[in-house]
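Asker: Start counting the sequence shown at 952; every next residue gets the next number (my numbering).
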Amino acid sequence: MDRSSAGISGQYARSDNAYNQPNDHAASSRRGRYRHATVRQWHNLPRSTTGHNEFYHSSGPRSSQYLLHRSVNPAQDFNALIKQETMDSLVSKSDRFNHCYDGRYHGQYANSIKKYTSAAKKPLNRAEQTQLIHLLQNFTVTRSWHWRSLTTTLHSFTSAGVFTPLKPVDKRVKLAQAALLSKLLDAIIFKCNQTPQARDIDALGICNLLWAMAKLVDNGQNQTPELKQAVAALLPHVNAQQKQFIPQGIANLLWAMAKLVDNGQQLTPELKKAVVVLLPHVNGQKDQFTPQHITNLMWAMAKLVDNGQEQTPRLNEAVAALLPQVKVQKDQFIPQHIANLLWAMAKLVENGQEQTPELKEALAALMTHVNAQKDQFIPQHIANLLWAMAKLVDNGQERTPEFNEAVGALLPHVKGQKDQFIPQHNANLLWAMAKLVVNGQERTPGLNEAMAALLPHVEVQKDQFIPQQIAILMWAMAKLVDNGQERTPGLSDAVAALLPHINTQIANFKPQEIANLLWAMAKLVNNGEWTPGLNEAVAALLPHVIAQKDQFIPQHIANLLWAMAKLVDNGQEQTPVSIEAVAALLPHVNAQKAEFKPQEIANLLWAMAKLVDNGQERTPELKEAVATLLPHVNAQKGQFIPQHIANLLWAMAKLVNNGQEQTPGLKEAVAALLPQVKTQKDQFTPQHIANLLWAMAKLVDNGQEKSAELKGTVAVLLPHVNSQKDQFNPQGIANLLWAMAKLVDNGQGKSAELKEAVAVLLHHVNSQKDQFNPQGIANMLWAMAKLGELVELSVVTSTFESLVYRISDNPQFSQQAILMSLWAVMVYCARLSLVSNANKNSLLEKHIDDLFTRLKNTSPASEEDQSIIAMAASWLGRASPVVPHYQTTISKPQADFRAQLQSYIPSLQIEEEKCLNSLPPVDLLLPDHNMVIEIQGPSHYVNGDFNTRNGSTLLKIALLQKSGFEVIEIPVNLLRSQDSMRLCIDQIKARVDIPPQGHGSVSLKSGSADEKYGTAYI
C-alpha cells in the first residue's frame, strides 16, 4: 500500500565550471587548448543550490563540476546576454566555418547563461526564458559539433532551466524548446553511434549528458523517443569508459540512471548492464566518496531496486561498502542527506535488503542526528523521515529509545509546518503515523496533535490528490481508527472529502489501490464511520475488481474478500455486481492457494463464512475455494496467531452451520487447530474466547466428534472466562452462555469451572442488559433455560426477569428469536411451578401469551418449532394451531420396564408413546389413574448425571402436571438390575392402589428425601 516512495529532496542544481567567453578567440584550458587537450581537470567545488518548486526531485549531483574550470567574471546582466548582436555573432561564426564549425562559441554562450543563473541562485523565470527562447530560434546545432560543445550546451541550458516547462505553457516557447532539444539530441546520438568511435568522447561528457537528460525529465520534459534513443546511445560508453570515472562521476551516473528510470525510462538490458559495471567501482572507491556522494549513491540504488533492478550480489556489496561510511561521516551529513539516506535504507529494506548489523549501526548513527538537526528539516524532509522510520519499523526495525526520540522530535514540526506540506507529504505523513501506531507507537499527545493538524489539509487539498495518495490516505485513516483513534469531525470530514474523488478517478486506480480502498472503507464502516458517499464509492470500485481480477496478488484477494464480507456484515446490500465480484475472485483463491500466508488464509475463510452467513450462495466455486484452503490450515498450523485460530474455528463452524459438509479435510483442520488453542490459551482476548467456545459448540452441534482433544480445549478456556469476566461485551456474554449450554447439551463434562463461568457471566448480564440485541437476549434466555437445574434458581431469577421484559418492548425479534424466547420463558415458569415455595410471577404468563400471539400467523416447518407452539398453547390452555408430528422410539429399558410392570399388575392398562394435548409423547400412560411414567435416560439430565434435570425435562413435567397428570420419573440407572426394577414397580403398585390426591411429580431415586422440587421419594 505504500509503494509511494517519499522521493528524495530536490534543489536546483547547476554548475559553475565550463567555457569562458572572454572574446572571439578560441577558449583555452589550464593545460592546453580546447581542441587538443588530452588531460581533463575534475574538480569538487562547492555546490551552488537554492530551493525551487519541484515535486520530489533528487538533489541533482553536481555534474557541472566535471566541466573544464577557469576563473569567471561576475554574472553578466541578462539583457546583455540576449542582445541580437550576440546571436548574430554566433550565426556568423557558424556560417564562416560551415561544416567544419565545432560549436565552441555556442557552447561558451550556453555556459554564460548558466553562469548568470548560478550567480542569481535561481533558474530562468518565465519572462527570461521566453525572451531567451525567442533569441535561440537561430541557435543552430549540427552534427559537426565537437563532443565538448554538445555536452556543455545541453548541460548548461538544462542547468539554467532553458528547457524547463513553466506554467502557464506558451505553445511557441514549447515548440522552440522541443526543436532546439531535438537538434542537440540528434547530434549527440550521431556522435555516440559513430564508427569508429569518436575520439573525443570522454567520461566527463558522458556524466554531464546523462545528468542533464535525467534533470530534463525530472523537470517535466517528456521522455520523447529521441531522448530515450540518446540515453540508449550513451549507455555503452559508460561500460567502455568505466575505469575513467572518478567518485563523483560514479555517484552522478547512478543518480542519473535512477532518476531516468523513476521517471519512466525502461529498465533495458543496456541500462542494467551500465548499472552493473559501475557497482564494483562503488566498492573499489568507497573511501573517496563525500557525504553527498554517499547519499546520492544510496538513493540511486534504492530507486533502481524499487523500479525493478535486481538486488544482485554486486548491488548488495555496494550497499554494504557504503554503510560503514555513513557511520564514519555521520557528523558531516546535512539535513537533506539524513532524510535521503534514511529514505534509501528504508526502501532497500522494503525490497528485501537484509537488515545486517552494519545497516542497523548506520541507522542508529543517523537517528541521533535527526534529533540534533530537527529544527533544520524542511517539510519534504520531515515527510520522508517519518515515512522511512515507519517503513523500517514495519519491516522489523527495533523501536529503540533513539528511534522513539527521533519520532518524538519530528512530530511537533509536522504541526508547526502543516501549511507547507504538499498533497504527497500529507499522504505519506498520515500513512507513516498509521504504520507507527500499528507497530506499537504510543499515541502520545504529540502524535494526536500532528494527525489533527494534517486532517483539515486533506479536505483543503482534496482535488490535488492522485489515485495512489487517495488510497494511502483512506488506508491510513482506517488503520488509525482501527487502532483507537477517536473519530473526530476532522477525520469524518477528511473521509467524506475523499470519497467523491474515488468516483471521479475510478479508472486510474491500480489493483493494489482498489484492494486498499475497499479494505479501508470496510474498516471504517466496521468502526462506525458510515459516511455519505461510501456506498457510491464501493459500487464504483466493484466493477474494477471484476475487470482486474487476474492482476490481484494473494494479499489483495484476501483483503478484497474480507472487505466485501465486512461491508455486507455491516448492512451493505449484496448487489448482483458485488456477488459477481466475489465470484470473479474465488477461482484465484484456488489458483494462488500455495502463496497465501497464515493471516490471509484466516481472513479468506472468515470472509467466505461471513458472506455465506449473510446469504451468499454456496456455489461450486466457493466450496472449491474452501476445500482448497483447508489443507493449508493443517500445513501452517504452527504459524497462526491467537486471532487467526479464533477466526478459523469460527469460520469453519459458520460454514458447517450453513450447510458445509464436514469433510475429512475440515475435520483435520479443526483437529490441527485444537492443540494450538491449548498452547496459546493465555494469549486469547475476550472476543477470541467467546468465538472459540461458540465455534466448538456449533461444530459439536453439527456432528463434530466430541473428542478428548475438544473436551480438553474447552476445559482450558473456561478458567479464562472467569479471569476476563469484566471484559466481555454483550455479544460475547450471549455467545458464551449459548455455547456453554450447547456443549453441556451435547455431553461436554459438567465441571466446577463451567458452573463458575456461567455464574460469573450471569452476574454481568444485569449491568449490560440494555446493550443486548434481540438475538443475544434470545440466546441467553435459551441458554439459562437449557442448563436447567445446573444453575441455582435464585441466580437465574434476577437475570431472567431483567431480560424478559425487553422482549415485549422490542419489535425486531426474528421468528427464531421469538421461538427461543417463548421456550425459555416456559421453562423458567416450569421451574417456578415445580418449586412449592417459589413466588409465581403472573407477568411471565403474560409474556408467554404475548410471544405466542406474535407467532399466530407463522407455520414453522421443523418439528422442534411446532412442538414449542403446541406446548405454549397447552400452557395457556388453548387449542394448538399446529399438530406436531413427533418421532417416537421405544428404548429397551422402557420396553423391559413396561413388560415387567404389566406382568406384576396384569390388570393395569398401559399405553406407550402417547401424545397428550399435542405435547411430546410420554413413555407410559396409565389412563385409569391419570398417571404418566417417564423412563428418564441420560439426555434428560445435564451431562447425563441422573441428578440435574435439563430445561426440556422440566418443561415437559410441568406441562403434564398443568394438564392434570401425575408424573413419575424413573432414572434409567435405577433399572439396571431386576431387584432395582422390582423396587420401582412395588412403589408404583403402592401408588396406583392409593386414590389420586392431586397432581404432582414423583421421582424415584436412590437416596434420602429431597424437598427442592416438592418431589416425594418413595
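For glycine and all other residues, C-beta sits at the position ideal for the given N, C-alpha and C.
Go through its chain and collect everything with a Cβ distance to Q1929's Cβ below 6 Å, but skip five positions before and after it.
Answerer: None.
Asker: Which same chain residues, not among the five before or five after A1491, have their C-beta less than 7 Å away from its C-beta?
Answerer: Cβ neighbours of A1491 beyond the five flanking positions: I1453, N1454, I1457.
Asker: Determine the closest residue to Q1331 out of E1079, Q1304, N1377, K1706, with distance taken between C-alpha atoms.
Answerer: Minimum Cα distance to Q1331 is reached at N1377.
Asker: With a Cβ-Cβ cutoff of 7 Å, do P1832 and A1768 count as a contact?
Answerer: No, they are not a contact pair.
Asker: What's the C-alpha gap between A1622 and E1660?
Answerer: About 8 Å.
Asker: Is it buried or exposed, V1834, if we count other Cβ atoms within 10 angstroms and call 16 or more buried?
Answerer: Burial call: exposed.
Asker: Taking only three categories from DSSP, how would you classify P1922?
Answerer: The answer is strand: DSSP assigns P1922 an E or B state.
Asker: Hey, could you find the ends of the beta strand (DSSP E) D1874 is sitting in?
Answerer: Where D1874 is concerned, the enclosing beta strand (DSSP E) stretches over 1873-1877.
Asker: I need the boundaries of the alpha helix (DSSP H) containing E1410, first residue and last residue.
Answerer: Residues 1396-1411.
Asker: Output yes or no for whether 7 Å exceeds the beta carbon distance between L1738 and A1781.
Answerer: No, the Cβ-Cβ distance between L1738 and A1781 is not below 7 Å.
Asker: So, for Q1082: in the same chain, excluding its five sequence neighbours on each side, which residues have a beta-carbon less than 6 Å away from its beta-carbon?
Answerer: Closer than 6 Å at Cβ, skipping near neighbours: I1033.
Asker: Indicate whether Q1543 and P1505 have their beta-carbon atoms separated by less than 7 Å.
Answerer: Contact: yes.
Asker: What are the start and end residues of the alpha helix (DSSP H) that includes K1044?
Answerer: Unbroken alpha helix (DSSP H) run through K1044: 1035-1048.
Asker: Over the uninterrupted beta strand (DSSP E) stretch that includes K1865, give me the two end residues.
Answerer: It spans 1862-1865 - the beta strand (DSSP E) in which K1865 sits, taken as one unbroken run.
Asker: Determine the DSSP secondary structure at R1094, reduced to helix, strand or coil.
Answerer: In the structure shown, R1094 sits in coil (DSSP, three-state: anything other than H, G, I, E or B).
Asker: For I1820, which residues does DSSP report across the bridge?
Answerer: In DSSP, I1820 forms no bridge with anything.
Asker: Return the bridge partner residues of Q1280 from the DSSP annotation.
Answerer: DSSP, once it has assigned bridges, lists no residue as partnering Q1280.
Asker: Please state the DSSP three-state secondary structure of E1393.
Answerer: Residue state, collapsed to three classes: coil.
Asker: Counting pairs of Cβ atoms below 8 Å between the segment 1575-1582 and the segment 1623-1630, do you hit three or more?
Answerer: With a cut-off of 8 Å, the segment 1623-1630 and the segment 1575-1582 do not count as touching, because too few Cβ pairs lie within range.
Asker: From the DSSP output, which residues share a beta bridge with Q1887?
Answerer: For Q1887, which the question treats as bridged, DSSP gives the partners P1922.
Asker: How many Å lie between I1640 and M1777 at the Cα?
Answerer: Rounded to the nearest angstrom, the two C-alpha atoms are 30 Å apart.
Asker: State the start and end residues of the unbroken alpha helix (DSSP H) segment that holds I1596.
Answerer: 1593-1608 is the span of the alpha helix (DSSP H), which, as asked, contains I1596.
Asker: Provide the residue span of the alpha helix (DSSP H) that contains G1828, from first to last.
Answerer: G1828 -> no alpha helix (DSSP H), and no H or E assigned at all.
Asker: Given a threshold of 16 other Cβ atoms within 10 Å of its Cβ, counted over all protein chains shown, does P1012 qualify as buried or as exposed?
Answerer: Note that P1012 has pLDDT 44, beneath the 50 cutoff, so the model's placement of it is unreliable and the number below is only indicative. Classification for P1012: buried.
Asker: So the candidates are C1143, P1231, A1165; which of them puts its Cα closest to the Cα of H1188?
Answerer: Nearest of C1143, P1231, A1165 to H1188, Cα basis: C1143.
Asker: Going by DSSP, what residue range makes up the alpha helix (DSSP H) through Q1726?
Answerer: Here the alpha helix (DSSP H) through Q1726 covers 1725-1737.
Asker: Over the uninterrupted alpha helix (DSSP H) stretch that includes R1150, give me the two end residues.
Answerer: From DSSP, R1150 is part of no alpha helix (DSSP H); its letter is neither H nor E.
Asker: Please say whether S1825 and N1868 have beta carbons closer to each other than 7 Å?
Answerer: Closer than 7 Å, so yes.
Asker: Confirm, please, whether the CB-CB distance from N1214 to V1256 is below 7 Å.
Answerer: Contact: no.
Asker: For V1212 versus L1218, is the C-beta distance shorter than 7 Å?
Answerer: In contact: V1212 and L1218 (Cβ atoms closer than 7 Å).
Asker: For E1487, name the three-state secondary structure that DSSP assigns.
Answerer: Note: E1487 maps to helix in three-state DSSP.
Asker: Leaving out five residues on either side along the sequence, give the residues of the same chain with a beta carbon under 7 Å from the beta carbon of T1748.
Answerer: Excluding sequence neighbours, T1748 sits near nothing in its chain.
Asker: Determine the direct distance from the alpha carbon of H1891 to that of H1798, and round the result to whole angstroms.
Answerer: C-alpha separation (whole angstroms): 26 Å.
Asker: Three-state secondary structure (DSSP) at E1917?
Answerer: Strand at E1917.
Asker: Using the three-state DSSP reduction, which class does Y1837 fall into: helix, strand or coil?
Answerer: Coil, per DSSP.
Asker: Use the C-beta contact count for Q1948: other C-beta atoms within 10 angstroms, 16 or more gives buried, fewer gives exposed.
Answerer: Bear in mind that a pLDDT of 48 at Q1948, under 50, signals an unreliable position, so the number given afterwards is only what the model happens to contain. The residue in question, Q1948, is exposed, as its Cβ has fewer than 16 Cβ neighbours within 10 Å.
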